[in-house]
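Take the sequence shown: its letters are residues 6 to 328, numbered as in the numbering used here. Here's the structure we're looking at; comments come further down.
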Amino acid sequence: MSYRTQVITVFGGSGFIGRHLIRRLAKSGAVVRIATRNPTKAGFLKTAGAVGQIVPFATDVTKDESVARALQGADIAINLIGVLYEQGRQSFQGAHVESAARIARIASLNGVTRLVHVSALGADASSPASYARSKAAGEQAVLDAFPQATILRPSIVFGPEDQFFNKFAAMAQIAPALPLIGGGKTRFQPVYVGDLADAIVASLDLDSAKGRTFELGGPRVYSFKELLQLTLKTVQRKRYLLPVPWGAAETLGGVLEKVPVLAPALTRDQVELLKRDNVVSPGAAGFKELGIDTLASCEVIVPTYLARFIVGGRNPTVPGNAH
């Protein structure tokens with residue numbers, strides 16, 4: 006990949022996925038604009054490229070004129086904007102549908118040649134979960150405005166700043182048990198953030214990726230219980246895995262989502278999401294069709310960043326266990 010004369014605008018580029026993607030895009034030689042609400046927080050990414058190559062760009066995705074400025078002169082646009090829960094003025098409709106539609110519409114008007122929209126595995130207009138319905142609506146809005154857009158649907162994404170393994174590892178430090186919501190049978194296909202970033206970059210080089218949707222899952226399918234067991238083994242903690250029936254989980258989510266904290270531990274909508282497996286559909290285009298054959302596994306990557314949760318540092322003589 007070499008885009009030395011081009012400009013790439015990445016919406017939401019200062020987040021978890023963005024910081025890994027920006028480093029890869031910088032290697033292409035392109036000028037990379039990080040369109041974000043708070044450009045100061047994206048300043049650390051400037052060192053990923055040459056002087057002046059990585060440009061944090063103050064952008065309000067709720068306003069046409071702000072999005073237009075971020076896309077002025079851009080050749081490629083990548084949308085990473087997404088939220089895991091609704092809180093205050095942060096809504097699924099605003100983040101996943103309205104902002105996505107605005108970016109796609111203005112990208113088309115401004116002559117952007119490629120648009121990559123990162124959605125989520127499980128996006129479904131008929132889902133009982135608002136999150137999944139909004140992701141599906143966002144995809145449709147993007148394709149309506151920019152038919153040649155590439156849609157990427159990753160399963161849960163793991164890596165150093167993830168909100169899955171880190172959350173449960175932190176919970177294991179203080180809680181005597183971890184919740185097995187719905188019995189822990191829901192299946193996931195976690196994808197490493199670095200592999201997702203590689204997929205985004207690879208899609209830019211393939212004409213065959215235009216107008217297509219790719220489902221991205223890692224090399225192995227796990228049950229929710231297996232993921233919690235892996236977490237406990239990694240942080241060397243013995244914690245009981247407590248089965249929580251769906252009804253009790255919905256009640257708990259209803260309580261926790263109202264607690265005035267930065268990120269709720271659980272919401273009712275997340276409980277609805279957990280009722281469906283989050284794995285790649287049979288026959289769906291995925292990493293292979295993007296030219297990526299080797300994928301990182303949880304067993305290899307997760308220990309590299311959860312070690313900080315181990316009391317006294319790494320100690321291979323003290324095994325973790327889950328019941």
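Every residue gets a Cβ at the ideal spot worked out from N, C-alpha and C, and that includes glycine.
By the Cβ-count criterion, residue 140 is buried, with 16 or more other Cβ atoms from all chains shown falling within 10 Å of its own Cβ. Shown here, residue 245 sits in a strand according to DSSP, grouped into three states. In the DSSP assignment, the residues bridged to residue 13 are 37 and 81. Per DSSP, reduced to three states, the secondary structure at residue 163 is strand. Of the residues 125, 237 and 148, the one whose Cα lies closest to the Cα of residue 107 is 148.
With a cut-off of 8 Å on Cβ pairs, the region 254-261 is in contact with the region 275-283, counting three or more such pairs. Listed in chain order, the alpha helix (DSSP H) elements of length 4 or more contained wholly in the region 49-132 are 69-76 and 104-114. Residue 302 is a Cβ neighbour of residue 225, given a cutoff of 8 Å. The C-alpha of residue 265 lies about 10 Å from the C-alpha of residue 93. Between residue 65 and the set 39, 305, 309 and 219, the nearest pair of CA atoms involves 39. Looking at the backbone, the Cα of residue 236 and that of residue 117 are separated by about 42 Å. Take the alpha-carbon of residue 221 and the one of residue 184: they are about 27 Å apart. Excluding its 5 nearest sequence neighbours in each direction, residue 291 has C-beta neighbours in its own chain below 8 Å: 219, 220, 221, 222 and 285, listed in chain order.
If you check the CB distance, residue 16 and residue 85 come in under 8 Å. According to DSSP, residue 196 shares a beta bridge with 162. Closest by C-alpha distance to residue 10, out of 175, 158, 232 and 80, is 80.
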